[in-house]
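When the letters of the sequence shown are read in order and numbered with our numbering, they come out as residues 79 to 419. Notes follow once the structure below has been shown.
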Amino acid sequence: MNKRGFASDNFSGVLPEVMEAIQNANQGHVVAYGGDPYTESAIKKFKSLFGQNIDVYFAFNGTGANVIGLSTLTQSYHSIICPATAHIQVDECGAPDKFTGCKVIPIESPDGKISPELILPHLHGFGFEHHSQPKMISITQCTELGTVYTPEEVKAICDLAHANNMYVHMDGARLANAVVSLDVDVKEFTTHAGVDVLSFGGTKNGMMLGEAVIFFNPELSKEAKYVRKQSMQLFSKMRYIGAQFDAMLTNDLWLKTARHANKMAKLLEQEVQKIDQVKITQKVQANGIWALIPKDKIEKLQEEYFFWVWDEHAGEVRWLCSFDTTEEDILGFVKLLKQVL
79 MNKRGFASDN FSGVLPEVME AIQNANQGHV VAYGGDPYTE SAIKKFKSLF
129 GQNIDVYFAF NGTGANVIGL STLTQSYHSI ICPATAHIQV DECGAPDKFT
179 GCKVIPIESP DGKISPELIL PHLHGFGFEH HSQPKMISIT QCTELGTVYT
229 PEEVKAICDL AHANNMYVHM DGARLANAVV SLDVDVKEFT THAGVDVLSF
279 GGTKNGMMLG EAVIFFNPEL SKEAKYVRKQ SMQLFSKMRY IGAQFDAMLT
329 NDLWLKTARH ANKMAKLLEQ EVQKIDQVKI TQKVQANGIW ALIPKDKIEK
379 LQEEYFFWVW DEHAGEVRWL CSFDTTEEDI LGFVKLLKQV L
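Written as structure tokens, this is what we have:
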């Protein structure tokens with residue numbers, strides 16, 4: 079399948095700048111397991127981005143990054159609160175449950191976001207040995223429904239968590255898309271808002287592989303290196319992840335790619351709003367559109383521009399744009415929508 083579709087930003091290839099960085103790193107011998115100059119340079123850039131008082135660990139993939147962040151800050155008798163649509167709840171095959179041993183408590187939300195008001199009813203049983211102890215709140219930025227938390231919303235969740243001796247984990251698989259959507263410094267809804275640990279996405283934004291786990295207080299990450307190794311996420315030839323992040327964080331490449339993806343989603347939104355049979359179900363704030371279309375037309379559309387069905391019973395679909403989505407892709411898909419619908 080070589081034709082670009084709208085199934086996932088994981089379907090896209092690798093940014094030319096990233097591929098070049100991998101090739102440039104592919105020379106000679108360097109120290110393994112992160113003791114190389116490429117990883118060192120990337121970590122310096124992360125510290126310039128988030129502040130010097132952070133601890134950074136690279137991992138292979140998003141599930142691994144989430145597992146490292148969650149496992150480091152919990153015990154098996156703890157519970158993790160998250161939206162019902164969260165990737166850690168829906169799309170990670172129970173990996174967070176298995177590796178943390180924690181009880182994951184999903185909260186229903188119409189837009190993929192949770193708030194202190196939705197969280198509070200689940201904050202009980204502290205100190206009661208018969209209950210799993212609430213310890214972690216996990217949110218996704220941007221969410222699995224393409225919506226975005228404001229810095230104020232994140233801070234309110236963090237304040238609630240910290241008031242109850244809990245931590246906040248942010249799944250930032252599409253963090254860059256949220257940054258450009260909000261048009262703020264990334265520190266505004268991470269470092270300054272009080273997030274404790276962040277999974278910083280690379281793969282969905284144009285890297286070949288690799289995510290970063292960022293702890294905003296090194297006192298909390300003392301066990302992280304052991305958790306990463308035991309989670310099978312320690313890459314021996316770390317330079318190939320380090321080099322990719324080094325390229326992504328040079329000249330704001332990570333934001334340029336996300337800005338383009340978001341722009342393409344807005345163009346798609348603008349065009350499909352003209353089609354009566356398409357009903358957009360969520361705010362289009364990042365690089366994705368969720369929409370209701372006639373169920374009997376989905377398969378025909380997928381033959382030309384593949385995409386995933388989000389809710390097969392309702393006929394809700396998801397269209398995601400990527401760094402390499404073009405206006406031609408958008409207009410060609412819209413033309414097909416009009417023909418088929």
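Even for Gly, the Cβ is constructed at its ideal location relative to N, Cα and C.
Between the segment 224-237 and the segment 156-165 there are fewer than three C-beta pairs closer than 8 Å, too few to call the two in contact. With fewer than 16 other Cβ atoms inside 10 Å of its own Cβ, Phe204 counts as exposed.
For Ser157, the secondary structure class from DSSP, reduced to helix, strand or coil, is strand. DSSP places Gln348 in the uninterrupted alpha helix (DSSP H) bounded by Leu331 to Val350.
In the DSSP assignment, Trp397 is bridged to Ile367.
Between the alpha carbons of Phe385 and Asn255 lies a distance of about 19 Å. By the Cβ neighbour-count rule, Asn88 is exposed, with fewer than 16 other Cβ atoms within 10 Å of its own. Between Asn139 and Ala321, the CB-CB gap reaches or exceeds 8 Å.
Residue pairing for Phe293: DSSP places it in a beta bridge opposite Asp133 and Val275.
Excluding its 5 nearest sequence neighbours in each direction, Ser154 has C-beta neighbours in its own chain below 8 Å: Thr178, Gly179 and Cys180, listed in chain order. For Glu266 and Pro229, the gap between their C-alpha atoms comes out near 6 Å.
Excluding sequence positions up to five before and after Glu382, its CB lies within less than 6 Å of the CB of Leu414, all in the same chain and listed in chain order.
When DSSP reads this structure, Gln380 sits in no beta bridge, so it has no partner. About 5 Å separates the Cβ atoms of Ser277 and Asn144, confirming a contact at the 8 Å cut-off. Assignment of alpha helix (DSSP H) within the segment 185-264, counting only whole runs of 4 or more residues, yields 194-197, 229-241 and 253-260 in chain order. Judged by DSSP secondary structure, Val96 falls within the alpha helix (DSSP H) whose first and last residues are Pro94 to Ala103. Residue state for Val182 is assigned as strand, using DSSP reduced to three classes.
The beta carbon of Leu370 lies closer than 7 Å to those of Lys357, Thr359, Ala392, Gly393 and Glu394 in the same chain, with the five residues before and after it left out.
Judged by their CB atoms, Val291 and Ala137 are nearer to each other than the 8 Å cut-off.
Relative to Ile215, the option among Gly142, Ile185 and Gly129 whose CA is nearest is Ile185. Counting of Cβ neighbours within 10 angstroms places Tyr111 among the exposed residues, the total staying below 16. Residue burial is scored here from C-beta neighbours: Ser126 has fewer than 16 other C-beta atoms within 10 angstroms and is therefore classed as exposed. Using a Cβ-Cβ distance cut-off of 8 Å, the segment 330-346 and the segment 394-405 are in contact, since at least three pairs of beta carbons, one from each stretch, lie closer than that value.
The beta carbon of Pro372 lies closer than 8 Å to those of Gln355, Gly393 and Leu419 in the same chain, with the five residues before and after it left out.
Boundaries of the alpha helix (DSSP H) around Val168: His165 to Val168. Taking all protein chains shown into account, Lys191 has 16 or more neighbouring C-beta atoms within 10 Å of its C-beta and is therefore buried. Relative to Phe294, the option among Ser259, Gly147, Val109 and Ala99 whose CA is nearest is Gly147. Shown here, Val418 sits in a helix according to DSSP, grouped into three states. Going by DSSP, Asp389 is part of the beta strand (DSSP E) stretching over Trp386 to Asp389.
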